[in-house]
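A.B. asks:
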Amino acid sequence: MTSISLKFLDRSLAIIAGAVLIALLAVVAAGIVSRALGTPFVWTDESASYLMVWLSMLGWMVATRRGVHMRVRALFDTLPIRGQVIVEAVFLLVIAMLGAIIAWQGLHLVQSNADVDAITLPVTLAWLYVPLIPAGLVMLVQALIDLVALRPAGGGLDIQHRSAPL
Amino acid sequence: MTGLMLKVVGGWLAVIMAGFPLYASMIVATVLFLWLGGFPLSILPQKMAGAMNSFPLVAAPLFILMGHILAAAKVTDRIVEFASAVIGWVRGGYAHVSILTSIIFAGMVGSAVADAAGSGAIEIKAMKKAGYKPETAASITAAAATIGPIIPPSLPMVIYGVTADVSIGRLFMAGVVPGLLMGISLMVMVAFVARREGMARQTFAGFRNIAITFGRTFFALMTPVLLLGGMFSGYFTPTEAAAVACLWALFLGFVVYRTLTVKQLPAIVMETIETTGLVMALVMAAGALGWCLSVSRLPQVFTPWILSWVESPLLFLLLVNILLLIVGCFMESLAALLILIPILAPAAASYGIDPVQFGVMMVLNLIIGTITPPVGVVLFIVTRIAEVPFETMARVILPWLVPLLVVLAAIMAWPPLTLWLPRLILGS
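Chains as they are written, first to last, in my numbering: chain A, 1 to 166; chain B, 1001 to 1428.
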């Protein structure tokens, strides 16, 4: 049941994030074309910024699900396996708490901005903060899943992470 | 507030070193500061979303997307072919080809990782086949890849520009001369090493061959022309240039070279989304922590303190460079950039150092950090491609840092190297 739900979550995230990325590209391109034609759209910059917020949050959720966030492993790797498990468990509990804070406070932000209009778009500012709620929840749920699955494998803990593509 | 922030920063560095995910460490520090300082916790998500609500920042995911499209379309293979025809016939030709390819590719992608991963495999394979030592081949490829984010477009410069509130267009232009100098200085180094080690060269296939490969590579070579020409002529902003570049890359892959298939698109999109999430999680967390830093007035306390110790701007820059080189050895460049910008940029401004010069210097320094052991993402990539032990690479890469450090010292000591071009095109 859980694995089906998670598969559904991953698939939904991929589809929505893909659509947002394509929309972002289309909106910026529309801005250039409309300006070149002498009738610049006023809404392209603001909608691109809104889509950017959504894309970042969705990307953050995807990176969280795949467990690839960056970390400095030099000292952590020198700990004995038991130490690694204990430290990682504490980390995951803290991350779960942070996820809960972001989702809860994000909900408050959505409520308090529900009647503030955007400048050029027919939506409210609340839409900027909406993706914080699922992002916080994914952070919370993923940390709990990782906590339950936490056990040493082979030479140490099997923790994934990726480097920044600079 | 400053005292509280100092304690929070101390705890934050401790959890980073303990191995806590970097973005989450910044969120922890922000939550602690807000909670202990009596601020509402809603500031955290507000500043995180606020950091992303930026049109200039849109350039970042689009440049990432373009890099993935170009890699999938195997555009680099053609650039290597062209570079081989142009310069492969001089002594150490294969190494010169690697550098020239990186210079050209730098005008198309904004990251050293994209450069090393995109052209590294084909270049290192060619050098190994020609009898070069694998570790030397990998070192040259890694050193040349650092040109990627210096010549525009540049992902770290977009992030520096947004975080430090500096014009991204100016930063891009300021990177052109240092990027070319990096290429030239590496070629000079190759010339010396090639003579000493008797490195092989390719046979000169004639000017006709150069013309033929130029014709075959023409549309790919037009990418930097389109990008830089569009931006520098003021026809479009860096963000818009990123969108145009994505569409151009799709055109190259689907129409010109027909190396891209629709089936590849979902993987390209998902790679872009994951990379964007990885980078932006850090940028948004840094946005929230940056707000705390400015409220705590820590930079305002730090700046007079450093001014009282160090009077000369040049000495300040030298100390900053030493600090960045040390940090770059141990920390991911992006994280180091985001952590240090709010502290160092105001201090640099108080010395009268141009933020554009400071930005290029900081980016170049931290990009050198991607090829310095023990933590260097580009070094990891080439080590894997060349199949040499990391310990060997960690030793062999060291002399190849020298030409890059010379360029770093030059842009530190002589501002016109970075500021001449943006001032010429955009005025002061």
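Ideal placement from N, C-alpha and C gives every residue a C-beta, glycine not left out.
Any beta carbon from chain B within less than 9 Å of GLN105 of chain A's own beta carbon?
C.D. replies: Chain B contact via Cβ: present.
A.B. asks: With distances taken between CB atoms, is the gap from MET1026 of chain B to TRP1012 of chain B smaller than 9 Å?
C.D. replies: For MET1026 of chain B and TRP1012 of chain B, yes; Cβs fall inside 9 Å.
A.B. asks: Pairing CB atoms from the stretch 56 to 65 of chain A with CB atoms from the stretch 1272 to 1281 of chain B, are three or more of them under 8 Å?
C.D. replies: The stretch 56 to 65 of chain A vs the stretch 1272 to 1281 of chain B: in contact.
A.B. asks: Taking 9 Å as the CB-CB cut-off, is ASN1365 of chain B touching chain A?
C.D. replies: Cβ-Cβ to chain A under 9 Å: no for ASN1365 of chain B.
A.B. asks: Identify, in the order they occur along the chain, each residue of the same chain with its Cβ nearer than 7 Å to the Cβ of ALA1130 of chain B, setting aside the five sequence neighbours on each side.
C.D. replies: Closer than 7 Å at the Cβ level, and outside the excluded window around ALA1130 of chain B, lie TYR1094, ALA1200.
A.B. asks: Can you tell me which of the three DSSP states THR124 of chain A falls into?
C.D. replies: DSSP places THR124 of chain A in strand when its eight states are reduced to three.
A.B. asks: What residues from the stretch 1252 to 1275 of chain B come within 8 Å of chain A, judged by C-beta to C-beta, listed N to C?
C.D. replies: Residues PRO1266, VAL1269, MET1270, THR1272, ILE1273, GLU1274, THR1275.
A.B. asks: Among B:GLY1118, B:ILE1079, B:ARG1078, which residue has its Cα nearest to the Cα of HIS1068 of chain B?
C.D. replies: The shortest Cα separation from HIS1068 of chain B among B:GLY1118, B:ILE1079, B:ARG1078 belongs to B:GLY1118.
A.B. asks: When you compare the CB positions of VAL110 of chain A and LEU132 of chain A, do they come within less than 9 Å of one another, or not?
C.D. replies: Yes, these two residues count as a Cβ contact at 9 Å.
A.B. asks: To the nearest whole angstrom, what separates the beta carbons of LEU1070 of chain B and ALA1249 of chain B, a pair I think is in contact under 8 Å?
C.D. replies: That belief holds up - the Cβ atoms of LEU1070 of chain B and ALA1249 of chain B are roughly 5 Å apart, short of 8 Å.
A.B. asks: Using CA coordinates, which residue listed in B:LEU1325, B:PRO1422, B:SER1154, B:ILE1212 is at the minimum distance from ARG1078 of chain B?
C.D. replies: Comparing Cα positions, the closest option is B:ILE1212.
A.B. asks: Do we get a CB-CB distance below 9 Å when we pair PHE1330 of chain B with the residues of chain A?
C.D. replies: Answer yes: the Cβ-Cβ gap between PHE1330 of chain B and chain A drops below 9 Å somewhere.
A.B. asks: Where does the unbroken alpha helix (DSSP H) through MET61 of chain A begin, and where does it stop?
C.D. replies: It spans 44 to 66 - the alpha helix (DSSP H) in which MET61 of chain A sits, taken as one unbroken run.
A.B. asks: Could you have a look at ASP1165 of chain B and say whether DSSP puts it in helix, strand or coil?
C.D. replies: Coil, per DSSP.
A.B. asks: Within 10 Å of its beta-carbon, does GLN105 of chain A have 16 or more other beta-carbons around it, so buried, or fewer, so exposed?
C.D. replies: It is buried - the Cβ of GLN105 of chain A has at least 16 other Cβ atoms within 10 Å.
A.B. asks: Is MET1222 of chain B closer than 9 Å to ALA74 of chain A when the C-beta atoms are compared?
C.D. replies: Contact: no.
A.B. asks: Between B:ALA1245, B:LEU1417, B:LEU1404, B:LEU1314, which lies nearest to ILE1064 of chain B when the distance is taken from Cα to Cα?
C.D. replies: It is B:ALA1245.
A.B. asks: Using only CA atoms, which one of B:ILE1397, B:THR1163, B:VAL1080 lies nearest to LYS1125 of chain B?
C.D. replies: That would be B:VAL1080, whose Cα lies nearest to the Cα of LYS1125 of chain B.
A.B. asks: Whole-angstrom Cβ separation of THR1239 of chain B and VAL1058 of chain B, contact assumed at under 8 Å?
C.D. replies: That pair is a contact at about 5 Å.
A.B. asks: Using only the alpha-carbon positions, how far apart do SER47 of chain A and TRP54 of chain A sit?
C.D. replies: Going by the C-alpha atoms only, they are around 11 Å apart.
A.B. asks: Which residue wins for smallest C-alpha separation from ILE1122 of chain B, given the options B:GLU1135, B:ALA1106, B:SER1098, B:ILE1104?
C.D. replies: The residue with the shortest Cα to Cα distance from ILE1122 of chain B is B:SER1098.
A.B. asks: In chain A, what lies closer than 7 Å to SER1042 of chain B by C-beta?
C.D. replies: Here the neighbours are GLN105, HIS108, LEU109.
A.B. asks: By the criterion of Cβ-Cβ separation under 9 Å, what are the contact partners of PHE91 of chain A in chain B?
C.D. replies: Result: VAL1015, ALA1018, GLY1019, PHE1020, PRO1021, ALA1024.
A.B. asks: Could you name the residues of chain B that SER49 of chain A contacts, counting a contact when the two beta carbons are closer than 9 Å?
C.D. replies: Neighbours of SER49 of chain A on chain B, chain order: MET1052, ASN1053, SER1054, PHE1055, LEU1057, VAL1058.
A.B. asks: Any idea what DSSP makes of ASP115 of chain A, helix, strand or coil?
C.D. replies: Coil.
A.B. asks: For PHE1204 of chain B, which residues from the same chain have a beta carbon less than 7 Å from its beta carbon, with the 5 sequence-adjacent residues on both sides left out?
C.D. replies: Hits under 7 Å: TRP1089.
A.B. asks: In the DSSP assignment, find the alpha helix (DSSP H) that holds VAL1203 of chain B and state where it starts and stops.
C.D. replies: Here residue 1203 of chain B turns out to be Thr, not Val, going by the sequence shown. No alpha helix (DSSP H) contains THR1203 of chain B, which DSSP labels as neither H nor E.
A.B. asks: Could you tell me the boundaries of the alpha helix (DSSP H) in which HIS69 of chain A lies?
C.D. replies: Looking at the DSSP string, HIS69 of chain A is not in any alpha helix (DSSP H), and its letter there is neither H nor E.
A.B. asks: Any idea what DSSP makes of ASP1077 of chain B, helix, strand or coil?
C.D. replies: The answer is helix: DSSP assigns ASP1077 of chain B an H, G or I state.
A.B. asks: Taking the alpha-carbon positions, what's the ALA1024 of chain B to ILE16 of chain A distance?
C.D. replies: One C-alpha to the other measures close to 24 Å.
A.B. asks: Using a C-beta to C-beta distance shorter than 7 Å, which residues of chain B count as neighbours of ALA63 of chain A?
C.D. replies: Those within 7 Å of ALA63 of chain A in chain B are GLU1274, GLY1277, LEU1278, ALA1281.
A.B. asks: May I ask you to list, following chain order, the residues of the stretch 1226 to 1238 of chain B that have a beta carbon less than 7 Å from some beta carbon of chain A?
C.D. replies: From the stretch 1226 to 1238 of chain B, only PHE1236 have a Cβ closer than 7 Å to chain A.
A.B. asks: Report all residues from its chain with a CB closer than 8 Å to the CB of THR44 of chain A; omit the five preceding and five following residues, and keep chain order.
C.D. replies: These residues qualify, in order along the chain: VAL27, VAL28, ALA30, GLY31, SER34.
A.B. asks: Establish whether the CB of GLU1240 of chain B and some CB of chain A are separated by less than 9 Å.
C.D. replies: With 9 Å as the cut-off, GLU1240 of chain B counts as an interface residue toward chain A.
A.B. asks: Does the contact criterion of 3 or more C-beta pairs under 8 Å hold for the stretch 1174 to 1185 of chain B versus the stretch 1368 to 1376 of chain B?
C.D. replies: The answer is no - the stretch 1368 to 1376 of chain B does not touch the stretch 1174 to 1185 of chain B, with fewer than three Cβ pairs under 8 Å.
A.B. asks: Determine the chain A residues that contact GLN1046 of chain B at a beta-carbon separation under 7 Å, and present them in chain order.
C.D. replies: Those within 7 Å of GLN1046 of chain B in chain A are LEU109.
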